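Asks: For the sequence shown, the positions run 3 to 458 when the working numbering is used.
The C-beta atom is built at its ideal place from N, Cα and C for all residues, glycine as well.
Here the structure is a predicted model, which means the values were calculated and not measured.
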Amino acid sequence: MNNKLHSMSRRKFLAVSGAIAGTTLVDPKSQILAGNTSAIRQNAAKTKVAVVGLGNRGTGMWGGSVVKDYSNFVEYVGLCDHNPGRLETGSQMIGANCPTYTDFEQMMREVKPEVLIVTTDDNTHDYFIEKGMEMGADIICEKPMAIDEKKIQTIIDAEKRTGKSCRVTFNYRYSPHRAKMWEILRSGEIGDLTSVDFHWYLDTSHGADYFRRWHRLVEKGGSLWVHKASHHFDLLNWWIQSDPESVYALGDLEFYGKNGPFRADNCRSCPHTKECNFYWDITKDQRLKRLYVDNEKYDGYHRDGCVFRNDVNIYDKMAATIKYKNGVQVAYSLTTYSPYEGYRIAFNGTKGRMDAWIQESNPTSDVNYDEIVIAKNFGKREYIQIPQGSGHGGGDKLLKDQVFIPNTPDLLKQAAGVRDGALACLVGIAARKSISTKETVYIKDLTSIKPQEKKA
Ligand SMILES: NC(=O)c1ccc[n+]([C@@H]2O[C@H](COP(=O)([O-])OP(=O)(O)OC[C@H]3O[C@@H](n4cnc5c(N)ncnc54)[C@H](O)[C@@H]3O)[C@@H](O)[C@H]2O)c1
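1) Going straight from the alpha carbon of Leu-81 to that of Leu-401, what length do you get?
2) What does Val-443 pair with, by DSSP beta-bridge criteria?
3) I need the DSSP call for His-201, collapsed to helix, strand or coil.
4) Measuring only from the beta carbon, is Asp-83 closer than 7 Å to any heavy atom that is part of ligand 2?
5) Do you know offhand how far Thr-104's Cα is from Met-110's?
6) First and last residue of the alpha helix (DSSP H) that includes Val-68?
7) What's the C-alpha gap between Arg-218 and Arg-163?
8) Considering only their Cβ atoms, is the gap separating Ala-432 from Ile-445 smaller than 8 Å?
9) Should Arg-434 be labelled buried (16 or more other beta-carbon atoms within 10 Å of its own) or exposed?
10) Tell me, please, which residues DSSP counts as bridged to Val-314.
11) To which residues does DSSP link Ser-177 through a beta bridge?
12) Closer than 6 Å by C-beta to Leu-118: which residues in its own chain qualify, once you throw out the five before and the five after it? Chain order, please.
13) What's the gap between the Cα of Gly-92 and the Cα of Arg-383?
14) CA-CA distance, Pro-389 and Glu-373?
15) Can you tell me whether DSSP reads Ala-418 as helix, strand or coil?
16) Cα-Cα, which of Thr-206, Arg-311, Pro-146 and Pro-263 is closest to Leu-237?
17) Using the DSSP secondary-structure output, state which residues sit across from Asn-350 in a beta bridge.
18) Name the DSSP bridge partner or partners of Lys-276?
19) Just tell me which of Tyr-78, Val-330, Cys-278 and Lys-182 has its CA closest to the CA of Ala-358.
20) Can you look up Asp-283 in the DSSP assignment and give me helix, strand or coil?
21) Could you pull the start and end residues of the beta strand (DSSP E) that Tyr-212 belongs to?
22) How big is the Cα-Cα spacing for Ile-42 and Glu-161?
23) Assuming Tyr-203 and Ser-340 form a contact by the criterion Cβ under 8 Å, report the distance between their Cβ atoms to the nearest whole angstrom.
24) According to DSSP, which residues form a beta bridge with Ser-340?
25) Ligand 1 and Glu-144: does any heavy atom of the ligand fall closer than 7 Å to the residue's C-beta?
26) Taking the alpha carbon of Lys-230 as the point to measure from, which residue in Leu-252, Tyr-317, Met-63 and Lys-50 has its own alpha carbon closest?
27) Which one of His-127, Arg-59 and Lys-114 has the shortest CA to CA distance from Met-95?
28) Please confirm whether any heavy atom of ligand 1 lies closer than 7 Å to the CB of Leu-204.
29) Between the Cα of Val-375 and those of Thr-156, Cys-269, Leu-252 and Ala-348, spot the shortest distance and give me the residue it belongs to.
30) Please check the pair Phe-2 and Val-309, which I expect to be a contact at CB under 8 Å, by giving their CB distance rounded to whole angstroms.
31) Any idea if Asn-261 is buried or exposed, counting beta-carbon neighbours within 10 angstroms, 16 or more meaning buried?
32) Taking 8 Å as the cut-off, does the segment 179-194 touch the segment 250-259 (at least 3 CB pairs, one atom from each stretch)?
33) Which class does Ala-424 belong to by DSSP, given the choice of helix, strand or coil?
So this is what it looks like as structure tokens:
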């Protein structure tokens, strides 16, 4: 697309979606944006929060930045990780003056948090959600909520039984670019939505990183169908505003793992560093060195694992056809060794089509906005530019504002609970099953959730 050609017909949007920015209901939020946070909470009790899992996400997105930006609203009362070295380093990084634990249940008994943030490996989320609820906390859980249908059912049942809630933090919904797509779909500009083409590309840096870590094992992350694509399936469920009904999928492992020309356990112990395009010196990143390398002695986990290890058992190319209850059909694909990172999406409607794309890590690009193109079947094209933000397209900060600042409205229905968290994972779980059975898998057959034509 030649950006300069169409500059006359473009509309500019502010980084924050108009719907959010135009809202005047929100006292605390407008106060915090004006830097006047101390006035808001003088007499209000802060929410008591504990975190389990002090890796990169637990110390970053849900750690130091929360202490820095939201301490008028929340107070960290306990931190937990089963790696004692990472617990110590992580708690220093977070900077909260609170007790630390390697024993999760001891922490829950002693500090009695109102909210538990779960940022552990994906295969453990269900345990911490269920136990956390049983021990009195509402939950904030990183995606994916759980890696298989049994674990999802456990969470659905725990929520009903305990009366506690679980919020799943789908930060991708909060990027202003994607929020604008949601608004355009709701406005009816392209008529009734009939189909979606959605193709996601992970590059040889970020994509490869999944094959270095625990994510390379299906039993840990549910494969990229769940660990990564649940983000994308959640976006589809949210944009389409209907529930997924059935999935047919294909996938293979043809690049990483056993396909490599040579291998080692990890980059630091590798004799092939000179000829390997994937050689990476983790010790050059001080943060990662402190969190992982310095604490290998406790659990033997290598954050810089070889991408060609024989034990890689996830797919590296994936494609699915997804049918929604309202008749919308989706063609989806995920590639993990692309020269660039990004995606392309097209929404086809009865009156026209909306296209959008992101190409990250492009050194030749000097544009600082993301674009949406609306093409009418019998009319003009419109080009909409959204300024780029940092932290998952600007979404991370907007998500945290909504999570931590009381009474922040949810005008774009971005807040996600157990049902949304489950349906995002269930599409990926169905895809995995479809590949092994070579048959279409129906979402209704996996858990007690019955897909609805119109999303509640
Ligand atoms: N939304 C996003 O964009 C996004 C981005 C990155 C990670 N995540 C999610 O955040 C979670 C954490 O990811 P990460 O990259 O920080 O992983 P990580 O491996 O760096 O951290 C996980 C931490 O959990 C600890 N842990 C594991 N099992 C435990 C147990 N039983 N008891 C106590 N501690 C335990 C590990 O020691 C480690 O410190 C994952 O679920 C991941 O999917 C989400």
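Replies: According to the structure data:
1) Using only the alpha carbons, I get a separation of about 21 Å.
2) Beta-bridge annotation (DSSP): Val-443 is paired with Val-249.
3) DSSP places His-201 within a strand segment (E or B) once states are collapsed to three.
4) This structure does not include ligand 2; its bound ligands are ligand 1.
5) Approximately 11 Å, taken between the alpha carbons.
6) Counting along the chain, the alpha helix (DSSP H) containing Val-68 begins and ends at 67-71.
7) The C-alpha of Arg-163 is placed about 34 Å away from the C-alpha of Arg-218.
8) Going by C-beta atoms, Ile-445 is nearer than 8 Å to Ala-432.
9) Classification of Arg-434: buried, given that the 10 Å Cβ count is 16 or more.
10) For Val-314, which the question treats as bridged, DSSP gives no partner whatsoever.
11) Paired residues: none, contrary to the question.
12) Excluding residues up to 5 positions away in sequence, Ala-52, Gly-134, Ala-139 and Ile-141 lie with their Cβ nearer than 6 Å to the Cβ of Leu-118 in the same chain.
13) A straight line joining the alpha-carbon of Gly-92 with that of Arg-383 spans about 50 Å.
14) Between Pro-389 and Glu-373, the alpha-carbon positions lie close to 9 Å from each other.
15) In the structure shown, the three-state DSSP call for Ala-418 is strand.
16) Minimum Cα distance to Leu-237 is reached at Pro-146.
17) Asn-350 is bridged by DSSP to Ser-197 and Arg-355.
18) Answer by DSSP bridge pairing: none, since Lys-276 is not bridged.
19) Answer by Cα proximity: Lys-182.
20) Asp-283 falls in the coil class under three-state DSSP.
21) Careful: Tyr-212 lies outside any beta strand (DSSP E), inside the alpha helix (DSSP H) at 208-214.
22) Residue placement at Ile-42 cannot be trusted, given a pLDDT of 42 that sits under 50; the coordinates are not used to answer.
23) So it is a contact: roughly 4 Å between Cβ atoms.
24) When DSSP reads this structure, Ser-340 sits in a beta bridge with Asp-205.
25) A heavy atom of ligand 1 is found nearer than 7 Å to the CB of Glu-144.
26) Comparing Cα-Cα distances from Lys-230 to each of Leu-252, Tyr-317, Met-63 and Lys-50, the minimum goes to Tyr-317.
27) It is Arg-59 whose Cα lies nearest to the Cα of Met-95.
28) Relative to ligand 1, even the nearest heavy atom lies 7 Å or more away from the CB of Leu-204.
29) Closest by alpha carbon: Ala-348.
30) With the chain covering only 3 through 458, there is no way to say anything about residue 2.
31) By the neighbour-count criterion, in which 16 or more other beta carbons inside 10 Å mark a residue as buried, Asn-261 falls on the exposed side.
32) No: fewer than three Cβ pairs fall under 8 Å.
33) Under the three-state reduction of DSSP output, Ala-424 falls in the helix class.
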